[in-house]
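Using our numbering, the first residue of the sequence shown is number -8, and each one after it goes up by one.
Worksheet for the structure shown next.
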Amino acid sequence: HVTSSEYAVRAALGRYGGVTDVRVARDKDTMESRGFAFVDFATLQDAMEVMHEVRGFLVVDGQECRVEYSRQSSGAGGGRD
């Protein structure tokens, strides 16, 4: 299976600019990609422009990936160990 590194995600978004951080979610035991990533942008406007341009999908490492805004978690604990 294909796993996308932070570099691949950043490269796929590189033409849009404004990317300040990329974090690929990984399994804490195997360190394998969990199949999604979080991307931070310099401004909300940068993020909105990317969302408009990619229209919900981006190709990373030859694989089409869905792009969405992250949603606030409703549970306690935060998820980071």
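Ideal placement from N, C-alpha and C gives every residue a C-beta, glycine not left out.
- Within a 10 Å sphere around the beta-carbon of V50 sit fewer than 16 other beta-carbons, which makes this residue exposed.
- About 5 Å separates the CB atoms of Y7 and V41; that is less than 8 Å, so the two are in contact.
- Annotated three-state conformation of A28 is strand, per DSSP.
- The beta carbon of V10 sits closer than 7 Å to those of R1, L4, V30 and F32, all from its chain and outside the five residues before and after it, given in chain order.
- Residue R14 holds the alpha-carbon nearest to the alpha-carbon of F27 among G53, R14, E44 and Y(-2).
- Considering only T34, D20 and M22, the residue with the shortest C-alpha distance to D12 is T34.
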